[in-house]
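In the working numbering, the protein residues as written are 584 to 1420. Some notes on the structure that comes next.
Printed below as a string of structure tokens:
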């Protein structure tokens, strides 16, 4: 009875007030939306309309009136009825209000404020003005939907009267089921607690204290490194959803954005001016627009909103808190929301362009798209900073990874989580963890993720041993079909000890090759390994070789099909790998063994006459990627950002009379790779590489400049597969050098979209090399010449013409071109394996 009486007393209140309302703000004359208009309830809850003039207000306290204001327009006060769900508000332009703003300056007054904000960036950017800081962050990610936005009667049986008769129609129940599930739980949830540390002059470091992903006992560490939005709004570029945009307060921002003053509000330490920004030019991929809240005293950002309104809507918000002691605004909260958009503008997410084809189904009483699950679902990532400490002693090791994990980060108790959560975990959140954990365990999701991670690295995981996929099947001119088996032990076997081995057999040379080795980890943070191995195998003669380089898994290397000049080596190796910094990797290797060219070759000098020979060498290898960033995770070191340039260096010293070594020489190798991502999804790749030998070295340690052409007849037999960074018109072992340098320049245009499935890509390529050899007469059995006049070729590639296959053509010119034009022409097939992600 008490509940009934309470309801009766509440009815009058509910009739005149409510907790939520949606609407749109328009110009009364043009009906154009007014972006970022101020919307305030009579309970003093404030909000802004978005870039399309739309707004949504949902508060804990009921309200019955809203006031809308927009600079240059008359404010409007609108009563709200409980029946209202969506209202349209039209504002009338006010010449008097507009003149009050314009009369104070000869130009747009917003520009003066933006210029001052740009001028004061060094003082307001905490990474420039503070010597150190640290803080904790609690981040929660949800994929969810508001149950109230879904029609709950979708599963009802409708009775429709027609000519006095009743007809029954049962509607599609998918939305009803979706609402039933979304009331109980979210579609996905993850949480993370981190400590951020910053010391001036060094990169900001994140230490993950706790992490939890629904459905996973151990998180996908690579996903935790994704940048959804930038920590700072003061950099030249601002990152939203992994894509870089020109910052509206970048040094050259006035060339790219238009600005407009919207309003002035109290920020708790004075006033902030709200300035709307929008790109000047409309490009193929949508740019950001939004509102900057700028403090009138310090010209510091107190809040920032950036939006993308396209096929996907993205809204990023960043709030700041004023630290009076240091007279600075410090980031306090960040959140980003992604949901389905309402127009067909392309947007960029994580560096790729998102294009969707909208459904053309027509709405009806039986089949409706309104409030479809996909329409109301959204992704939200919210981060709240706490325990902010400024200018206290913080030591960030420059040698440490950008992101580090505490070993038990994925095993934290509820007590630990609750000490950092900014609000308690709701019943929906708890239910999401329980449901997805059970589903993932049943479906073996963790095992599938581990499989995918290892396959991308070139391994197939088993319980204790990871099978090396690159060792299973290969093909070359000397061995024929090379069949093999090999791999390495994994962390289930040991976290600190590793055994590596493989065996292979060539069907043409009918010989076995094999290797076995072991290594132990001395230091996890520095990724330090000490190991040894014995190897009996083949290598291409005169190839540029590095012991420390990016050995990314590639199931196909077409150039191997034509290589026939190999040498056999049987060596014992001891090595030490150590990361001086995460982006500065080194390896020292001591090697001794026998070498035998498996082709007609003999080294004859004044003091030597050798077919096979012994070498004892010490090698220092270095890989330096200055702009890369890494994560030190429980499963090892992971690359989280791959940038350029990248440098690979190697120094090898061969000792004679040490462990029966027969040659005394020094070899220096260098490779520099740089990629430039340009506008309109094109990119330019520049590869420079070379080497030099001091002293006399055998064929195994000279250079052939990576040729990939055969002078077979008839000419059609010369059509083979193009290699990667190889000279397509240079004959195999046509040139041998003890010193050389080569440059490869490749420009890839954006793929041409001729249809949804046919998207060929054009690339322009030019290559050049020069080299020489001191004593060519020492190397008998090979018909080669010097390259001291310079070698040149240029060509083009049409990639992805059919199922990843393409066609390329190159022409050889310069001092070494042939008299017969067909001998200068190379036509090759190309292949690009696209995994679809």
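Even glycine gets a Cβ: it sits at the ideal position worked out from N, Cα and C.
Same chain only: Cβ atoms within 7 angstroms of residue i, ignoring 5 sequence neighbours per side
i, result
"residue 1401", "1407"
"residue 1089", "1062, 1063, 1065"
"residue 1405", "1298"
"residue 1187", "1361, 1363"
"residue 1466", "A query on residue 1466 cannot be resolved here, the shown segment of the chain reaching from 584 to 1420 and no further."
"residue 1403", "none"
"residue 999", "793"
"residue 1106", "none"
Distance, residue j Cα to residue i Cα
i, j, result
"residue 1125", "residue 1286", "4 angstroms"
"residue 716", "residue 844", "33 angstroms"
"residue 1373", "residue 1064", "36 angstroms"
"residue 1380", "residue 1371", "28 angstroms"
"residue 673", "residue 632", "13 angstroms"
"residue 1213", "residue 603", "45 angstroms"
"residue 636", "residue 612", "15 angstroms"
"residue 1413", "residue 1348", "14 angstroms"
"residue 1001", "residue 1339", "49 angstroms"
"residue 974", "residue 914", "15 angstroms"
"residue 780", "residue 718", "7 angstroms"
"residue 737", "residue 758", "A caution first: residue 737 carries a pLDDT of 47, below 50, which makes its placement in the model unreliable, though a value can still be read off. Taking the straight line joining both Cα atoms gives about 6 angstroms."
"residue 854", "residue 1225", "42 angstroms"
"residue 805", "residue 1098", "32 angstroms"
"residue 979", "residue 826", "27 angstroms"
"residue 1049", "residue 1039", "12 angstroms"
"residue 568", "residue 615", "Any answer about residue 568 is impossible in this case: the structure gives the chain only from 584 up to 1420."
"residue 1150", "residue 1249", "20 angstroms"
"residue 821", "residue 838", "16 angstroms"
"residue 764", "residue 1008", "18 angstroms"
"residue 785", "residue 812", "20 angstroms"
"residue 1411", "residue 1036", "33 angstroms"
"residue 1071", "residue 1114", "13 angstroms"
"residue 790", "residue 1215", "10 angstroms"
"residue 638", "residue 692", "26 angstroms"
Own chain, CB closer than 6 angstroms to residue i, minus 5 neighbours either side, in chain order
i, result
"residue 1005", "721, 967"
"residue 685", "Residue placement at residue 685 is flagged as unreliable, the pLDDT there being 42, under the threshold of 50; the coordinate-derived value follows with that caveat. Taken in chain order, the list of residues that qualify is empty."
"residue 918", "900, 965"
"residue 548", "What the structure shows of the chain is the stretch from 584 to 1420, and residue 548 is not part of that stretch, so it cannot be assessed."
"residue 1087", "1065, 1067, 1096"
"residue 1012", "772"
"residue 1112", "1102, 1104, 1160"
"residue 599", "Caution is warranted here: a pLDDT of 42 is assigned to residue 599, below 50, making its placement in the model unreliable, and the coordinate value is therefore given only provisionally. Taken in chain order, the residues that qualify are 647."
Cutoff 8 angstroms; reference residue i; Cβ partners in own chain excluding five residues on either side
i, result
"residue 648", "624, 625, 660, 661, 662, 663"
"residue 1267", "1258, 1259, 1261, 1328, 1329, 1330, 1331"
"residue 1120", "1087, 1096, 1097, 1098, 1151, 1152"
Under 9 angstroms between C-beta atoms of residue i and residue j
i, j, result
"residue 793", "residue 989", "yes"
"residue 1311", "residue 1409", "yes"
"residue 1307", "residue 1142", "yes"
"residue 1168", "residue 1131", "yes"
"residue 621", "residue 848", "yes"
"residue 577", "residue 798", "In the structure displayed, the chain extends from 584 to 1420; residue 577 sits before or after that span and is not available."
"residue 1365", "residue 1282", "yes"
"residue 1291", "residue 1315", "yes"
"residue 984", "residue 788", "yes"
"residue 711", "residue 832", "no"
"residue 902", "residue 890", "no"
"residue 1145", "residue 1303", "yes"
"residue 1076", "residue 1047", "yes"
"residue 1228", "residue 1253", "no"
"residue 1165", "residue 1210", "no"
Counterpart residues of residue i in DSSP-defined beta bridges
i, result
"residue 922", "896, 961"
"residue 1180", "1150"
"residue 676", "656"
"residue 840", "862"
"residue 794", "775"
"residue 979", "Per DSSP, none; premise fails for residue 979."
The segment 1055 to 1070 / the segment 1026 to 1034 touching (three or more Cβ pairs under 8 angstroms): No, they do not touch.
contact_flag[the segment 1155 to 1172, the segment 1199 to 1209] where n(CB pairs < 8 angstroms) is 3 or more: Output reads yes: the segment 1199 to 1209 touches the segment 1155 to 1172.
Quick test of the definition: if touching needs 3 or more C-beta pairs under 8 angstroms, does the segment 880 to 897 touch the segment 759 to 776? Touching, no, given that fewer than three Cβ pairs across the two stretches are closer than 8 angstroms.
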